[in-house]
Structures are given as C-alpha cells and as structure tokens.
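There are 2 protein chains.
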Amino acid sequence: MTDAARRDPEAVSNFVESFAAQLVEAGMQRMPARVFAALLSSDAGTMTAAELGEQLRISPAAVSGAVRYLAQTHMVSREREPGSRRERYRVHGDQWYEALTNREALIKRWEGALREGVSSLGADTPAGRRMAETLAFFEFVEGEVAAMMERWRVHREKLFGT
Amino acid sequence: MTDAARRDPEAVSNFVESFAAQLVEAGMQRMPARVFAALLSSDAGTMTAAELGEQLRISPAAVSGAVRYLAQTHMVSREREPGSRRERYRVHGDQWYEALTNREALIKRWEGALREGVSSLGADTPAGRRMAETLAFFEFVEGEVAAMMERWRVHREKLFGT
DNA sequence: CGCTTACTTCAGAATTTTGTGAAGTTAAGG
DNA sequence: CCTTAACTTCACAAAATTCTGAAGTAAGCG
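Top line first, the protein sequences correspond to chains L and B. Heads up: the first sequence begins at 1 in UniProt numbering, then just goes up one per residue. Heads up: the second sequence begins at 1 in UniProt numbering, then just goes up one per residue.
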C-alpha cells in the first residue's frame with residue numbers, strides 16, 4: 001500500500017460529512033445521506049452495519065432505518081455473506097446515480113396528478129392547457145432520460161475503459 | 001364562458017392539494033408546494049397574496065414565506081401592478097419546469113464535494129476512482145440537460161404551435 | 001404629512017421528524 | 001435444542017421545522 005493510498009480516518013470522515021451535507025441539502029434524509037456517503041468513500045465499496053455504526057457514531061437502529069431506505073430506492077444493495085448472519089451493504093458504483101436520475105415512479109405520479117388536473121379543470125380552460133403542456137414536458141423528459149443514460153454508458157467506457 | 005370552462009372551486013382545491021402532496025413527496029416544502037399548485041391551476045396563471053391566502057386558508061406570513069422561496073428558485077416571478085402596492089405572483093408556464101430541471105447550482109456543489117473527495121482520499125485509491133467516475137457522470141449530465149431542453153423547445157412548438 | 005393597505009419579519013407555540021434504548025425476531029453455531 | 005449474534009421494530013424523548021399572530025416597514029392616497 002502506497003502512502004497516497006493509506007486512508008486517514010479523519011480525512012475520510014471530513015469528506016463523508018461534507019458530501020452527506022450536500023445530499024441533505026438536495027432533499028435526502030440525514031441518516032441515509034451519511035450512510036450513503038460512508039459507503040461511497042469506502043475502498044471496498046461495502047461496509048457492515050457495525051462498521052457504519054462505528055464510523056458515523058449512530059445506533060444499530062439508525063443504521064437499520066437508513067439502510068432500508070437506501071435499499072428501497074436502489075441506492076445500495078444488501079448482501080448476505082453465506083454462512084453468516086452479518087450483512088454487507090454495497091454501493092453499486094455505476095448504478096446508484098442511475099437510480100438518482102431515474103425517478104420514474106415519481107414522474108409517473110406527477111403525470112397522474114396532472115392528467116387528473118386537466119380533466120377536472122377542463123382541457124379547454126387556460127389552466128387545463130397549461131397543465132397539458134406541463135404533462136407533455138414530463139412525458140418528453142421520461143423518454144430523454146433513458147436515451148441520455150445510454151449515451152452515458154458509451155461515454156463512460158471511453159473515459160474509463162470496459 | 002362555457003360550462004366546461006366554469007371553475008368549480010372544490011375541484012380546483014382538490015387538484016391543488018393532491019398535486020401539492022406529490023410535490024411534497026418529491027422533497028418540496030409544504031407551503032411552497034401548495035402555493036405553487038394553486039398558481040399552476042389558476043386560469044390567469046397569476047394570483048395575489050390575498051387570493052392565495054384565501055384559497056389555501058393560510059396567513060399572510062405563510063404566503064410571504066412561500067413566495068419568497070418560490071421566487072428564489074425561479075419557480076414563480078413577482079410582478080408589481082403599476083400604481084399599486086398589491087403584488088401578483090405568476091407561474092411562467094413554460095419556464096418553471098426548466099427551473100426544476102436545471103439544478104445547476106446544486107450539481108456544481110456536488111461536483112465540488114466530489115473533487116475534494118478524490119483529492120483527499122487519493123486519486124489512486126479504489127474509493128478515489130469511484131468518486132472520479134461519479135464526478136464524470138455529473139459533468140456529463142450537466143451538458144446533456146442543456147441539449148435536452150433545447151430539444152424540448154422544438155418538440156413543444158411542434159405540439160402546441162409557436 | 002398622516003392614514004391605510006399590503007407585504008415582511010420575528011418570536012414562540014404546535015406539529016412533525018429524527019434517533020435512541022429496549023424489546024423482539026431470526027438464524028447460525030455449538 | 002439452546003445460546004448468542006445480528007438485525008429489526010417500536011415507543012418515546014429530543015430536536016428541528018412549520019405556521020401563526022403581532023409588531024414592523026414601506027408605499028399609495030387623500
């Protein structure tokens with residue numbers, strides 16, 4: 001292990017907390033944000049519940065809650081080491097930001113609410129027309145995001161190799 | 001005014017509250033979400049502070065706070081009717097979702113935090129490499145979003161005319 | 001000028017959210 | 001089977017946030 005590669009726990013912690021703070025500002029809950037940042041900055045890309053609790057100074061209950069949220073939103077995955085009841089949580093490196101970008105369920109619900117708005121306020125009213133346009137925008141974005149992620153994969157390969 | 005265009009206050013209110021609830025779920029604060037939904041579903045696309053307070057049953061203080069937030073994030077604009085100190089708040093129809101999409105300041109800060117992470121954890125460590133890749137992703141997205149919005153304007157014109 | 005209307009700011013009450021300890025559940029290991 | 005380790009759930013205390021009423025500021029109007 002080179003000097004550059006030796007991890008300074010304080011530097012790691014500084015980064016974890018400052019990156020987590022940015023995620024919080026973007027609307028993420030505090031504990032999930034901290035847990036996620038810790039995983040992101042771990043060399044293996046995985047940590048156990050105990051390691052997370054120790055680094056972040058939080059209770060097992062807090063780890064459990066944060067991890068459940070992160071798994072539900074596909075930001076991390078859970079792995080069971082065979083023949084053990086210790087779990088490992090992993091950032092999927094190239095998949096978590098796809099989860100971030102792909103808010104499909106959310107957009108679908110917005111679209112539902114807007115469609116309802118168009119029909120209940122009347123498609124022939126100014127407000128109804130405004131909502132129909134907004135709806136068209138979301139439908140457009142939905143299609144574009146998929147194409148963008150495909151271009152990213154190509155771009156990524158060019159930058160970092162296969 | 002046709003029957004279809006006559007506004008049923010209860011239908012409007014139902015839509016406002018349900019759309020606001022979706023915005024809240026996406027991370028927006030409650031009052032800004034309700035105020036924004038009310039503006040979006042108004043025929044004129046503008047409302048005064050008094051109208052907002054009455055429809056949403058909230059105090060002038062709450063209107064003031066919500067509107068300040070919405071103006072800061074470019075979701076609505078404030079207009080002064082000349083020769084009056086009554087203000088009108090307006091959804092810019094085709095601009096608010098651009099504001100939603102264009103989280104440039106946010107992304108810039110994420111990039112800053114990640115750059116710091118790469119250098120403090122070491123560009124030659126596994127964690128550093130993971131963060132460098134994440135950083136590249138955000139840089140990529142930044143460029144793509146601008147192009148996507150340009151395509152939207154073209155698409156929009158095709159759907160709704162100039 | 002002063003009155004009045006419209007918005008803003010601020011302190012605090014009320015609500016909501018968050019994180020903990022403790023008890024509960026599950027499954028490995030003896 | 002029984003013990004114990006690992007995670008989960010739950011009730012509650014603490015902390016943070018939200019919204020209000022009241023006081024403050026500014027600008028039109030007489």
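Each residue gets a CB set at the ideal place from its N, CA and C atoms; glycine is no exception. Note that the structure is a prediction, hence the values are computed from the model and not measured.
Residue 101/B sits in a helix when the DSSP states are folded into three classes. Remark: three or more beta-carbon pairs, one from each stretch, lie closer than 8 Å, so the segment 39-56 of chain B and the segment 84-104 of chain B are flagged as touching. By the rule that beta-carbons nearer than 8 Å mark a contact, residue 9/B does not touch chain L.
With 16 or more other Cβ atoms inside 10 Å of its own Cβ, residue 19/B counts as buried. In this model, residue 34/B and residue 140/L are separated by some 25 Å (Cα to Cα). Taking C-beta atoms as the reference points, residue 79/B and residue 48/B fail to come closer than 8 Å. Taking the Cα positions, residue 10/L is about 10 Å away from residue 16/L. Following the DSSP letters along the chain, one finds residue 46/B inside the beta strand (DSSP E) bounded by residues 46-48. When the beta-carbon positions are compared, residue 45/B and residue 90/B come within less than 8 Å of each other. Cβ proximity to chain L below 8 Å picks out nothing from the segment 51-81 of chain B. Taking a Cβ-Cβ cut-off of 8 Å, the neighbours of residue 148/B in chain L comprise 141, 144, 148, given in sequence order. Membership of residue 157/L in the alpha helix (DSSP H) is indicated by the continuous run 126-160.
For residue 97/L, the C-beta contacts it makes with chain B under 7 Å involve 134, 137, in order along the chain. Around the beta carbon of residue 160/B, a 10 Å sphere encloses fewer than 16 other beta carbons of the protein chains shown; the residue is thus reported as exposed. DSSP, reduced to helix, strand and coil, places residue 109/B within a helical segment of the structure shown. Against chain B, the CB of residue 116/L has a partner CB under 8 Å away; the residue lies at that interface. Among the residues facing chain B, residue 155/L is included, as its CB has a counterpart in that chain under 8 Å away.
For residue 12/B, a Cβ of chain L is located within less than 8 Å of the residue's own Cβ. By a beta-carbon distance limit of 8 Å, residue 120/B contacts residue 14/L. Their separation comes to about 7 Å. Our two residues, residue 101/L and residue 158/L, have alpha carbons roughly 21 Å apart in a direct line. In this structure, DSSP gives residue 81/B a state outside helix and strand, which the three-state scheme calls coil.
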